[in-house]
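To start, the structure under review is shown below, and the notes come after it.
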Amino acid sequence: MALVLCPAAAKAYDGEACVDYIGPGGAGHYVKMVHNGIEYGIMQMIAEVYDLLSRGLGMRAEALGDLFAEWNDGELASYLIEITSEIFRKRDSETGGPVLDVILDEAQQKGTGKWTSQNAFDLGVPTHTINAAVASRIISGMKSQRLAASGLIDGPAPVFSGDRDEMVSAIKEALFASIVLVYAQGFELMRVASDEYQYDLDLKMIAKIWRAGCIIRADLLDDIMQAYDRDQSLTNLLFDGHFREAVVRRQGALRYVLTTAIQMGIPVYALSSALAYFDAYRTERLPANLTQAQRDYFGAHTYRRLDKEGTFHTDW
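Its first residue numbered 181, the sequence shown is counted upward by one per residue in our numbering.
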């Protein structure tokens, strides 16, 4: 199908218009939905990083603005990192302090993240981080309950006693690895949906048009394009050597950041879900054999065996 490119379309750094024909039926709407699901995941992980740096390390808004501006000059370069640096630096005209400090901590949503999670469940695709981001917005809306619980339920104080520079560096590496993992989840969902709904999606082209004019535009998308250049039938970004090495090399930082956050009692649902996805995906034998045994025990749902074909039931 020929597409007439609109002169008003956003242009990437190489001058290419970030618009194209996506596919038949609702393909374009579907891809936009998944875009928003990935957006939910990245935004929540950035929020968790902010919480770690501010409550955990005591960094003030101005210092956070400088840090994010520095990060935006490197591999984390993206629209969301860029605007976050500007948000930290914005002063409130009434109080004179950071605007961020007077904004109510309730994140609203219009449903696209939830729809992404719902569809992923329908298609049987694991989208751990998107699901965590949706749940995090929901619990943020329970402000009155959280306020009451904060005075009743004890937990560790968010006090960091380690090397601050080491922690900041680890947080940067952990965030990059986690962003790769949420992109991996979103692109795998689109791959499966393309087959299920006969959308015939070109995942390289989708990465290409996301490079400008959208919320999740990032330098990382160039690398995703190259991954699909190397293998047009790529099942998951983690099967690409470049991305696999990028996450494996940073997993130590991610584990360090998460264990530190847990010890301080700072919630890192989205970041930890990214690691859980990574660990589950790389595990040859998961404990689902026990789950299936339980299902067979209480409901005679049967199970399959490792050593022979067929369906079996045990008289427990």
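Where is the CB? At the ideal position from N, CA and C, for every residue including glycine.
If you're wondering where the values come from, they're calculated on a predicted model, not measured in any experiment.
Out of the options, which has the shortest C-alpha to C-alpha gap to residue i?
i: Arg391; options: Pro447, His209, His215, Thr439; result: His215
i: Ala433; options: Arg462, Met213, Glu353, Asn311; result: Glu353
i: Glu376; options: Gly206, Ala357, Asp200; result: Gly206
i: Leu414; options: Ile389, Ala364, Asp402, Asn311; result: Ala364
i: Arg465; options: Ala450, Pro447, Leu486, Met225; result: Leu486
i: Gly254; options: Val339, Thr275, Ser349; result: Ser349
i: Gly208; options: Arg462, Ala329, Met405, Gln378; result: Gln378
i: Val360; options: Phe478, Pro204, Gln431; result: Gln431
i: Asp292; options: Ile202, Gly245, Val211; result: In the sequence as presented, Asp is not what sits at residue 292; that position holds Thr. Cα-wise, what sits closest to Thr292 is Val211.
i: Ile226; options: Gly276, Ala473, Pro447; result: Pro447
i: Ser330; options: Gly445, Leu401, Pro467; result: Gly445
i: Tyr461; options: Asp246, Asp231, Leu417; result: Leu417
i: Tyr449; options: Leu237, Trp295, Val314, Tyr408; result: Val314
i: Gly238; options: Gln406, Met347, Arg371, Leu327; result: Met347
Using the Cβ count rule (16 or more neighbours within 10 Å means buried), how would you classify residue i?
i: Phe423; result: buried
i: Val428; result: exposed
i: Gly366; result: buried
i: Pro278; result: buried
i: Ser341; result: exposed
i: Leu332; result: exposed
i: Met337; result: For the record, residue 337 in the displayed sequence is Ala; it is not Met. Under this definition Ala337 is an exposed residue.
i: Phe301; result: exposed
i: Asp420; result: buried
i: Ala182; result: With a pLDDT of only 44 at Ala182, under the threshold of 50, the placement of this residue in the model should not be trusted, and no figure is reported.
i: Phe478; result: exposed
i: Asn469; result: exposed
i: Ser324; result: exposed
i: Glu510; result: Residue coverage of the chain in this structure runs from 181 to 496, which leaves residue 510 outside it and unanswerable.
i: Trp496; result: exposed
i: Ser203; result: For the record, residue 203 in the displayed sequence is Gly; it is not Ser. Looking at its Cβ environment, which holds 16 or more other Cβ atoms inside 10 Å, Gly203 is buried.
For residue i, which residues from the same chain have a beta carbon less than 7 Å from its beta carbon, with the 5 sequence-adjacent residues on both sides left out?
i: Thr491; result: Thr482, Arg484
i: Arg475; result: His481
i: Leu280; result: Ala241, Ile267, Phe268
i: Ala249; result: Ser265
Going by DSSP, what residue range makes up the alpha helix (DSSP H) through residue i?
i: Val214; result: 207-231
i: Lys488; result: Neither: Lys488 is in no alpha helix (DSSP H) and is coded neither H nor E.
i: His422; result: 421-444
i: Asn469; result: 468-479
Excluding five sequence neighbours on each side, which residues of the same chain lie with their C-beta closer than 6 Å to the C-beta of residue i?
i: Ser453; result: His308, Thr309, Ala312
i: Gln472; result: Tyr483
i: Gly236; result: Pro338, Phe340, Met444, Ile446
Looking only at its own chain, which residues have a Cβ that is under 8 Å from the Cβ of residue i, when we skip the five neighbours before and after it?
i: Asp272; result: Pro278, Val279, Asp281, Val282
i: Ala456; result: His308
Original post:
Okay, do the stretch 251-267 and the stretch 385-399 touch, 3+ Cβ pairs below 8 Å being the bar?
Top reply: yes
**OP:** Assess, as a yes-or-no matter, whether the stretch 284-296 is touched by the stretch 310-320 under the definition of 3 or more beta carbon pairs within less than 8 Å.
**Re:** yes
Original post:
Within the chosen definition, does the stretch 309-318 reach the stretch 221-238 through at least 3 CB pairs nearer than 8 Å?
Top reply: yes
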